[in-house]
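**Student:** Sharing a structure here in structure tokens format.
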Amino acid sequence: MRALIVASAPEQDVSYVKALAGQAELVICADGGLRHAAACGIHPDIVIGDFDSGSRPQDCAVIVLPEEKDDSDLMCCVREAVQRGAEEITIACASGGRIDHFLGNLSLLEYLHMRGVRGVLCDSRNRVTFHGGGSRRYRADAAYRYVGIVPLDDRLHDVTLRGLKYPLTHAVISRPHMITMSNEPVEEEYTISIGRGRALVVESRD
């Protein structure tokens, strides 16, 4: 099952969310994300939050959280989607606003990976996934010109890139000196292999 979670970070353009909702079998809004959904004409299945950033809806299922809690509203939405059997979860409207929130939201991709769920975090210009090592194939998407690999560990070992403009073979990539930004697909599919280490793969456009 595919799930879409609409978060509440401020974004100027949320029109992309409508297409994502059309591909999802479950749509969950995190508190103020309901405003983004409404702007796109999306009726969520569930709204979860403490409603500190918006009023409680009356026309869909609601899970009310306490205002003071350890987990964010978005984390609670992710857990709910996992419990309901989601195999792929796309998180939208989670990159704007406070940087601490954005970095915390990126960590949800690893949380999902550890539970065997494919996670995607996207906004109008970027799509981010987690790479936990091994070899992964990606289909080039004309909507995203660039591919960047951001190490989460001090070093990524045995990195091999195929099907990209700037290939690598058994390279070591250090976090303080990244050379894996602004690459470009040159084939319909490309491969990112990491022998040891964790990274974020960012597909983006200007």
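Using my numbering, the letters of the sequence shown correspond one by one to residues 42 to 247. A virtual CB, placed ideally from N, CA and C, is assigned to each residue, including glycine.
Quick one, are the C-beta atoms of Leu-162 and Arg-125 less than 8 Å apart?
**Tutor:** Not in contact: Leu-162 and Arg-125 (Cβ atoms no closer than 8 Å).
**Student:** If I follow the unbroken beta strand (DSSP E) through Glu-244, where does it start and stop?
**Tutor:** Here the beta strand (DSSP E) through Glu-244 covers 240 to 245.
**Student:** Taking only three categories from DSSP, how would you classify Leu-197?
**Tutor:** Leu-197: strand per DSSP, three-state reduction.
**Student:** Between the beta-carbon of Asp-91 and the beta-carbon of Leu-106, is there less than 8 Å?
**Tutor:** Contact: yes.
**Student:** Along the alpha helix (DSSP H) that carries Asn-146, what are the first and last residues, could you check?
**Tutor:** Where Asn-146 is concerned, the enclosing alpha helix (DSSP H) stretches over 140 to 155.
**Student:** Taking 8 Å as the threshold (C-beta atoms), are Gly-73 and Ser-56 in contact?
**Tutor:** Not closer than 8 Å, so no.
**Student:** From Ser-215 to Ala-78, what distance separates their C-alpha atoms?
**Tutor:** So the two alpha carbons sit approximately 39 Å from each other.
**Student:** Given Cys-117, which residues of its chain have a CB within under 7 Å of its CB, disregarding the five upstream and five downstream residues?
**Tutor:** Contacts found: Ile-89, Leu-106.
**Student:** Could you tell me the boundaries of the alpha helix (DSSP H) in which His-77 lies?
**Tutor:** From DSSP, the alpha helix (DSSP H) with His-77 extends over 74 to 80.
**Student:** For Arg-166, which option in Asp-247, Glu-109, Gly-82 has the closest C-alpha, if you only look at C-alpha atoms?
**Tutor:** Selected option, being the one with the closest Cα: Asp-247.
**Student:** So, for Gly-174: in the same chain, excluding its five sequence neighbours on each side, which residues have a beta-carbon less than 8 Å away from its beta-carbon?
**Tutor:** Answer for Gly-174: Ile-235, Gly-236, Arg-237, Gly-238, Arg-239, listed in chain order.
**Student:** With a threshold of 7 Å on Cβ separation, who are the neighbours of Pro-226 within its own chain once the five nearest residues in sequence on each side are excluded?
**Tutor:** Cβ within range, chain order: Ala-181, Val-188, Gly-204, Leu-205.
**Student:** Please determine, among Ile-140, Val-200, Arg-43, Gly-145, the residue with the shortest C-alpha to C-alpha distance to Asp-111.
**Tutor:** Closest option to Asp-111, Cα to Cα, is Gly-145.
**Student:** Count the other C-beta atoms from every protein chain shown that fall within 10 angstroms of the C-beta of Thr-131, then say buried if there are 16 or more, exposed otherwise.
**Tutor:** So Thr-131 ends up on the buried side.
**Student:** For Glu-230, tell me which candidate among Pro-98, Arg-43, Leu-202 has the shortest Cα-Cα distance.
**Tutor:** Nearest of Pro-98, Arg-43, Leu-202 to Glu-230, Cα basis: Leu-202.
**Student:** Let me check understanding here. Comparing Cα to Cα, which of Tyr-207, Ile-83, Thr-170 lies closest to Met-222?
**Tutor:** Closest option to Met-222, Cα to Cα, is Tyr-207.
**Student:** Which two residues bound the contiguous beta strand (DSSP E) that contains Ala-133?
**Tutor:** Unbroken beta strand (DSSP E) run through Ala-133: 129 to 133.
**Student:** How about Val-191 and Met-155: are their beta carbons less than 8 Å apart?
**Tutor:** No, these two residues do not count as a Cβ contact at 8 Å.
**Student:** Count the other CB atoms, across all protein chains shown, that sit within 10 Å of the CB of Glu-52; report buried if there are 16 or more and exposed otherwise.
**Tutor:** Glu-52 should be labelled buried.
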